[in-house]
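The listed protein sequences correspond, in order, to chains G and W. Position in the first sequence (first residue = 1) + 2 = the working numbering. Position in the second sequence (first residue = 1) + 2 = the working numbering. Ideal Cβ positions, reconstructed from N, Cα and C, are used throughout, including at glycine.
Number of protein chains: 2
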Amino acid sequence: MKCLVYLLIVGMTASFSARAQPRPPAISSPEVHPDHSITFRYFSKKAGRVTLSGEFLKAPVAMTRDTAGVWSVTVPPVKPDIYPYSFRVDSVQIADPSNTYIFANERFKRSIVDVPGDRPLVHSLRNVPHGKISYRYYKSGTLGTTRPLLVYTPPGFDPNGKTRYPVLYLIHGGSDTEETWTKVGRAHLIADNLIAEKKAKPMIIVMPYGNVRPAPMPDFTKDMVNDIVPFIESSYPVLKESRGRAVAGFSVGGGQTLNIGLTHPDKFAYVCSYAPFTATDEFRKNFTDWSPDAGRLNKQLKLFTISVGTEDFLFEPVKQNIAMFQEKKLPVKSYIVPGGHTWMNCKQYLATTLQEIFQ
Amino acid sequence: MKCLVYLLIVGMTASFSARAQPRPPAISSPEVHPDHSITFRYFSKKAGRVTLSGEFLKAPVAMTRDTAGVWSVTVPPVKPDIYPYSFRVDSVQIADPSNTYIFANERFKRSIVDVPGDRPLVHSLRNVPHGKISYRYYKSGTLGTTRPLLVYTPPGFDPNGKTRYPVLYLIHGGSDTEETWTKVGRAHLIADNLIAEKKAKPMIIVMPYGNVRPAPMPDFTKDMVNDIVPFIESSYPVLKESRGRAVAGFSVGGGQTLNIGLTHPDKFAYVCSYAPFTATDEFRKNFTDWSPDAGRLNKQLKLFTISVGTEDFLFEPVKQNIAMFQEKKLPVKSYIVPGGHTWMNCKQYLATTLQEIFQ
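Here it is in structure tokens:
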């Protein structure tokens, strides 16, 4: 009876906002089991074939339909982490309609499944003091528009206190958005946890929107240096010298990190690049036939890291970039780890960086 | 040439995160034209039929395919507003894969299209001072979990200053999330604009996660009164008496608003309910055979409003509720306006409320 009332309410609720279209029954997906196996479900009476793709799978797996039209598959236990996945319904790739957790991205729609560990992971929501993520706007003179950015402030942050905080500028991947570092990368929870353990210094993390299309992708460097940094430094109590600024980013954002950081070592003492995509005009312009003053850069850069996974499809070009920077006698520290071009890896790169910067 | 480079970069970028699946070409959707007509596009070489549904349409319209596999349709000019829409690809209803703006909801995935006005609308991003939205967590003793909520603080907000702010507690609809009021309702921009025009008082707006399933939907009232309000009042410089507290909500959240507000008139002097869904155990328990002290409630409630659209599918039950409250001699003010059970209407209800509370 209670269940019936519930289904009635859920059914009515679901019908509120889209009455023109019949709504599927309430189903639970994904369902993570105690042994870390996961059941995925999708409702369709019309589909002919439904498959599951996920970054915990080597290849898509077929889902099977019951008589009520619920397609499902249970995958064997997976290593605790946060994984993107999607369904393919006949010809259509979709996010899981029953899952609120969407991969923030401009070009594909995938869902994410959080498989908790037996012990809390570095990105888990733990019982520690929590910082805040603020959604803000700034005016970009460079780009002539008002643009969004997210700002993480640490637990106990006091905008009027005497503490001046260091700032990490953290850039997403190529078709991601300013929300990807929190929604998929859980940067705020990683920071909360490492700060609580005193493994990271309390810091502000600024997550801008790094895409500046339309084409060809112009430099984001000017917007960062001339607009974002001044906006932050006029809005927050922060350290205004290079030892108080770090820049990091993933993929296209990793390439932007190298461009921004290494052309402005007077402004950023910490440059941490994750699986950088560097096949851009800006990178070629900056680093082909580049003759840096290595001695000076070695003094300016307190930390310069490049991280990449051995299964990353950019592994070879990233290795070549590391070699190029080594040839120029720059103090580059490389982290070569297992894994691919994924946000599972990306979270680990960030967790490492947070423990190394501003120390 | 430039275009080629761009397409190459976009193509490579798009392939980064989901290499296992071939990615569609870069297409622009939705494209809002200067005359407010809109072109929607979707790429598929395999689909047999693609239709567009949207709250600016009375019925779905078919999209047509070009030789490259791009399906499209252009709809005639629509009234400037923000509208939910979706595609149906054969049997599958999906959000627009090219559009980052997703309707935050637990059960369906739709996109939203923002049709700007010739003059800025109440929810437009204007050149005015902007407040901040903070993503936070609080511990719910009632529910035994850590739960998310969003907090809007107005421009110039000073957590340590002498100003004590009034607080609006604003609840989403039945299958929405704590993000729906900002992502779809643009509550923060409506507040920014009305505060800039001095039509609304600077205030804090708290947007909790109102769903407390699993079933049957238990009362959210205790969580609000015993956990959320104390969390806010210990974290922000706020007025801690009833004239400094308002509660409002839409649909299921509108029903929660009536339950919370009218059973705690000592705590909330402003109760504003939008198209409330009231067919719940809690509502029946509270208001069947209810004999309120009308004289006292008239003194306690500085504002009690119920808003609904004449095309809302809840119009009849909402009218009955208004009549019931009138019979009990409560000071209910009703706003009966055109429109349906939509977030287009909901934004207007909020804009009205913001100008009436805390005055």
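With distances taken from CA atoms, which of the options is nearest residue i?
i	options	result
W/THR344	W/ILE338, W/ALA277, W/GLU329 and W/TYR337	W/ALA277
W/ASP291	W/PHE327, W/TYR167 and W/ALA271	W/PHE327
W/LEU305	W/THR282, W/ALA106, W/PHE317 and W/ILE359	W/ILE359
G/THR102	W/ILE104, W/ALA97, W/TYR103 and W/GLU108	W/GLU108
W/ASN213	W/GLY176, W/TYR137, W/SER46 and W/LYS60	W/GLY176
W/ARG166	W/ARG149, W/THR144 and W/GLU243	W/GLU243
G/SER113	G/TYR44, G/THR147 and G/LEU172	G/TYR44
W/PHE289	W/GLN258, W/ALA271, W/GLN350 and W/ALA28	W/GLN258
G/TYR171	G/PRO27, G/THR223, G/PHE315 and G/HIS125	G/THR223
W/HIS132	W/LEU123, W/ASN195, W/ARG138 and W/GLY255	W/ASN195
W/PRO32	W/VAL115, W/SER336, W/PHE270 and W/VAL130	W/VAL115
W/HIS125	W/ALA250, W/ILE324 and W/HIS190	W/HIS190
W/ARG247	W/PRO168, W/LEU127, W/LYS81 and W/ALA61	W/PRO168
W/VAL1	W/ALA296, W/THR144, W/ASN323 and W/ASN347	Because chain W spans 3 through 361 in this model, residue 1 of chain W falls outside it and cannot be assessed.
W/ILE192	W/ALA28, W/MET346 and W/VAL34	W/MET346
W/GLY71	W/ALA281, W/ILE29, W/LEU332 and W/THR312	W/ILE29
W/GLN361	W/ALA271, W/GLY311 and W/GLU284	W/ALA271
G/LEU123	G/ARG245, G/ARG286, G/MET205 and G/ASP83	G/ASP83
G/PRO319	G/ARG121, G/VAL249, G/ILE262 and G/GLY256	G/GLY256
G/LYS60	G/VAL80, G/LYS47 and G/THR69	G/VAL80
W/ARG149	W/ASP120, W/GLY56 and W/GLU180	W/GLU180
G/ALA296	G/PHE252, G/THR265, G/THR280 and G/LYS185	G/THR265
W/VAL334	W/HIS174, W/ALA281, W/THR307 and W/ASP221	W/THR307
G/GLY163	G/VAL240, G/VAL208, G/VAL130 and G/PRO118	G/VAL240
W/LYS134	W/VAL208, W/GLY251 and W/PRO36	W/VAL208
W/VAL117	W/VAL273, W/TYR211 and W/PHE58	W/PHE58
W/SER136	W/TYR238, W/THR312, W/ASP178 and W/GLY311	W/TYR238
For chain G, check one thing: does any of its Cβ atoms lie closer than 7 angstroms to the Cβ of residue i?
i	result
W/TYR139	yes
W/LYS185	no
W/GLU108	yes
W/VAL1	Residue 1 of chain W is absent from the structure shown; chain W starts at 3 and stops at 361.
W/HIS132	yes
W/THR179	yes
W/THR165	no
W/THR259	no
W/LYS201	no
W/LYS301	no
W/ALA97	yes
Of all Cβ atoms in chain W, is any one closer than 7 angstroms to the Cβ of residue i?
i	result
G/SER126	no
G/VAL115	no
G/ASN162	yes
G/VAL94	yes
G/PRO32	no
G/THR223	no
G/ALA20	Note on G/ALA20: pLDDT 37, under 50, position unreliable in the model; no value is reported.
G/ILE135	yes
G/ALA250	no
G/THR290	no
G/ALA49	yes
G/GLY102	A small correction: the amino acid at residue 102 of chain G is Thr; Gly does not occupy that position in the sequence shown. Yes, G/THR102 lies at the interface with chain W (some Cβ there is under 7 angstroms from its Cβ).
G/VAL310	no
G/VAL91	yes
G/LYS349	no
Mind checking who residue i pairs with in its DSSP beta bridge?
i	result
W/THR155	W/LYS134
G/VAL94	G/VAL91
W/PRO150	W/TYR139
G/ILE338	G/VAL310
W/LEU303	Beta-bridge pairing links W/LEU303 to no other residue.
W/LEU332	According to DSSP, W/LEU332 bridges with nothing at all.
G/TYR167	G/VAL240
Quick check on residue i - is its C-beta less than 7 angstroms from some C-beta in chain A?
i	result
W/VAL75	Of the protein chains in this structure, namely G and W, none is chain A.
Is any heavy atom of the ligand ZN found at a distance shorter than 6 angstroms from the C-beta of residue i?
i	result
G/LEU172	Ligands are entirely absent from the displayed structure, and the ligand ZN is therefore not among its contents.
Write down every uninterrupted run of the beta strand (DSSP E) in the stretch 172–256 of chain G whose length is 3 residues or greater and which is fully enclosed by it, in chain order. 206–210 and 247–252
Between the stretch 157–167 of chain W and the stretch 224–233 of chain W, do three or more beta carbon pairs fall short of 8 angstroms? no
Quick check on the DSSP output: what are the complete beta strand (DSSP E) runs of length 3 or more inside the stretch 14–90 of chain W, in order along the chain? 40–45, 52–56 and 72–77
Meets three-Cβ-pair contact criterion under 8 angstroms: the stretch 89–103 of chain W and the stretch 91–99 of chain G: yes
Curious, which full-length beta strand (DSSP E) runs of at least 3 residues does the stretch 98–134 of chain G contain? 113–116
Counting Cβ pairs closer than 8 angstroms, one from the stretch 72–83 of chain G and one from the stretch 44–59 of chain G, do we hit at least three? yes
With three or more beta-carbon pairs closer than 8 angstroms as the criterion, would you say the stretch 139–154 of chain G touches the stretch 195–203 of chain G? no
Which full runs of the beta strand (DSSP E) of 3+ residues lie inside the stretch 253–281 of chain W, going along the chain? 272–276
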